[in-house]
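J.:
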Amino acid sequence: MIFLPRRLAMLLIVATLGACTPARIATATPPAPLGQQVRAMLDSPDLAGTRWGVLVVNDQGREIVAIDPDRRFVPASNSKIPAVLVNLASLLPEPMGTAVAIDGGDAVLIGAGDPWLSAAPDCTRDCLSSLADAVAARTRRVRDVIGDDSLWRDERWGQGWSWNNLTARSGTAISALSLDENVVTLTVTGGGVGAPAAVRASDDWYEIDNRVTTASATALSVSRLPGERRLVVSGTIAASGGPATLVQAVDDPAHWAAHRFAAMLRARGVRVTGRIWARHRQPGAAAPSSLVPLARLDPPALDETLARTMKASQNLFAEMLLRRAGDGSAEGGLARYPALFAAAGAPRTGWDFADGSGMSNYNRLSPRASVALLQWAARQPWGGRWQSALAVGGVDGTLARRFRGTALEGRVRGKTGSLAGASALSGYMTAASGRTLTFAIFANDMPFAAASVTPDMDRALLAIAAAN
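In the working numbering, the protein residues as written are 3 to 470.
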C-alpha cells in the first residue's frame, strides 16, 4: 500500500471531481423561437406543397410571428373585409328600401340595393307582400309587371368567378333588386323504398326534371347550366328520414322578383294583362329617371347587413355592399380601395381585388396588408361597429365550431375564408397576457386530396396566444 501526503491526496480528489462532473450533467436545450415552432406546426407532411403566410402583431406594433408576410395569397372570403370597411370608411347614408310605382299602367318594382327583401310566407319585415298590398289598394288592374334594377349597372357576377359556381348559392347573380338572397328552395320528400320521390320548389320559376328515387340513404344532386331554367334533380332520398332541402341560384333576380310580385298581385285580385319582365342598365348607359314611388319599404340598418356579411360570410351581401360603395358598379367600389389601403399604411404591392366576396381567383392579399388594414380599422371611430360584425370563436358565425372549449373561445374575432386550394383566417385575439394580437394566416395551393388545414391554423393560433 502506498501512502500519499494528505495535501497531495486532497488535490487529486478535487482534480478528479472537476474532470468528471461536467460530462455527467445534461445540458437543457433552449426552446425554439415561437416563429420556428409555428412553422413546424404548419409544415405537416399531409399538407406538403401548401404555401403558408402568417403575421401576428401585438398592440404595441411588435411582430410576434412572421412567415412570408409579404407574399401574396388568394384570400378567399377575407376579400369581404375591404368591401365592408369601404362602406364604413365612406360614411355612406343608411340604405334605402325597395319601392313600387305605377307608371302608365305598369307596376314597377324599383330596386334600391336592399339585400333583405323577402317573399317568404312567414315574412315579418322588408316584405314584398307589403308592396303588393299597396298596389292592390290602389288599382285592380295593371299592365306589365317590371322588375327594375337599373339603379346599378347590370353586372351579375364578378370577374374571375368559376362557371360551375354560378348555379350555387355562393355564386348567385347580383342585382339592385334582389329577393330572398336570390335562391329558389327545393324540398325533396321520399316515399316507400324504390318509389319515386316528390320534388317541390318554393315557386314555379324553374322547370323541374325529377329523377329522384327513395332508397336507404340520401345522396342528392341538382344540376343546371347557367342561363337555363330547367333543373335536373337526381339521386336518392332515405325512406326513413325527413324531407331534404336544396337551393338553386337565380340568374336574373330582377325578373324573378317581378315574377313573384305578379303572383302576389293576382292572389290579391289584381289582374295582370301584360308581360312580366326586367329592366336593366347596360354598362355605359345612364341611370334612368326616377319614378314617384307608391310605397317604399324600410330595410334593416346597415350594421345588420355588415354582421350578416361577415359572420355568415354571405357572398351576395358582400357584392351588394361593394356596388353600394361604388355608386352602382363593382368597378366603382374597387376604385375606393387604393385610398382605403393607403390610409391603413398597407403596401400597394400587398393587394389586388376583382370582387367583394372572395369568389374570384384574381384576388390577392398579403398577411402584412391584411394586418395593417385590421389595425387601422380598429382605431377608427366606427371600429367597435366593425369588430361587432366579425364572427366570434366558439360562439357564432363561421367560427361557431372553432376554438370551442379552448383558451380562445370567445376571445378571437375574425373572418374566415375558404375556396378551392385556399383557406384564410384573420382578425383579433386576446392572448394569455390579456393583450390584443392582430393576425392574418393564409394557406394556398393545398393538395386536393389533403385534409383540412383548419386544425393546423387553429393549433398555431392557440400556441401564439398562449405564449404572449
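Idealized CB from N, CA, C, for every residue including glycine.
This structure is a prediction, so every number in the text was calculated from the model and none was measured.
Cβ atoms of A121 and L130: under 8 Å apart, would you say?
T.: For L130 and A121, yes; Cβs fall inside 8 Å.
J.: Within its chain, find whatever has a CB closer than 8 Å to the CB of D305; leave out the 5 residues flanking it on each side and keep chain order.
T.: Excluding positions up to five away in sequence, the list reads R387, S390, A391.
J.: Might you give, ordered along the chain, the residues of its own chain that have their beta carbon closer than 6 Å to the beta carbon of S57, omitting 5 neighbours on each side?
T.: Ser is not the amino acid found at residue 57; the sequence shown has Leu there. Within the same chain, L57 has close Cβ partners A68, P71, P369, R370, V373, A442.
J.: In whole angstroms, what is the alpha-carbon distance linking M478 and A78?
T.: Because the chain spans 3 through 470 in this model, residue 478 falls outside it and cannot be assessed.
J.: Quick one: what does DSSP say Y430 is sitting in, helix, strand or coil?
T.: Three-state result, Y430: strand.
J.: Could you tell me the alpha carbon to alpha carbon distance between G399 and T307, rounded to whole angstroms?
T.: Straight-line Cα distance between these residues: approximately 14 Å.
J.: When DSSP builds the beta bridges, which residues end up paired with N446?
T.: N446 is bridged to R53, A424.
J.: Starting from the C-beta of E65, find all residues in its chain whose C-beta is less than 6 Å away, skip the five residues before and the five after it, and write them out in chain order.
T.: Same-chain partners within the cutoff: V59.
J.: Cα-Cα, which of R127, I148, A451 is closest to A280?
T.: That would be I148, whose Cα lies nearest to the Cα of A280.
J.: What did DSSP end up calling N470 once you bin it into helix, strand or coil?
T.: In the structure shown, N470 sits in coil (DSSP, three-state: anything other than H, G, I, E or B).
J.: Could you compute how far the alpha carbon of F75 sits from the alpha carbon of F263?
T.: Roughly 43 Å separates the two Cα atoms.
J.: What's the gap between the Cα of R158 and the Cα of A175?
T.: Cα to Cα, the separation comes out at about 5 Å.
J.: When the Cα of W384 is compared with those of L93, I83, G51, which residue comes out closest?
T.: Per the Cα distances, L93.
J.: Return the CA-CA distance between P123 and A402, expressed in angstroms with no decimal places.
T.: Cα to Cα, the separation comes out at about 29 Å.
J.: Based on the DSSP secondary-structure assignment, which residues constitute the bridge partners of Q250?
T.: DSSP output for Q250 lists V186 as bridge partner(s).
J.: Which residue from G115, R310, R127, D150 puts its Cα closest to that of A103?
T.: For A103, the nearest C-alpha among the options comes from D150.
J.: Excluding sequence positions up to five away, which residues of its chain have a Cβ less than 8 Å from the Cβ of A136?
T.: Taken in chain order, the residues that qualify are V102, L296, A297.
J.: Along the chain, where does the beta strand (DSSP E) that runs through I104 open and close?
T.: It spans 101-105 - the beta strand (DSSP E) in which I104 sits, taken as one unbroken run.
J.: Put T215 into one of helix, strand or coil per three-state DSSP.
T.: Residue state, collapsed to three classes: strand.
J.: Nearest by alpha-carbon distance to D479: which of K82, A42, C125 is it?
T.: Outside the displayed range of the chain (3 to 470) lies residue 479, so it cannot be described from this structure.
J.: Might you give, ordered along the chain, the residues of its own chain that have their beta carbon closer than 7 Å to the beta carbon of G196, omitting 5 neighbours on each side?
T.: Hits under 7 Å: T215, T216.
J.: Give the DSSP-derived three-state secondary structure of G229 in the structure shown.
T.: In this structure, G229 counts as coil in the three-state DSSP scheme.
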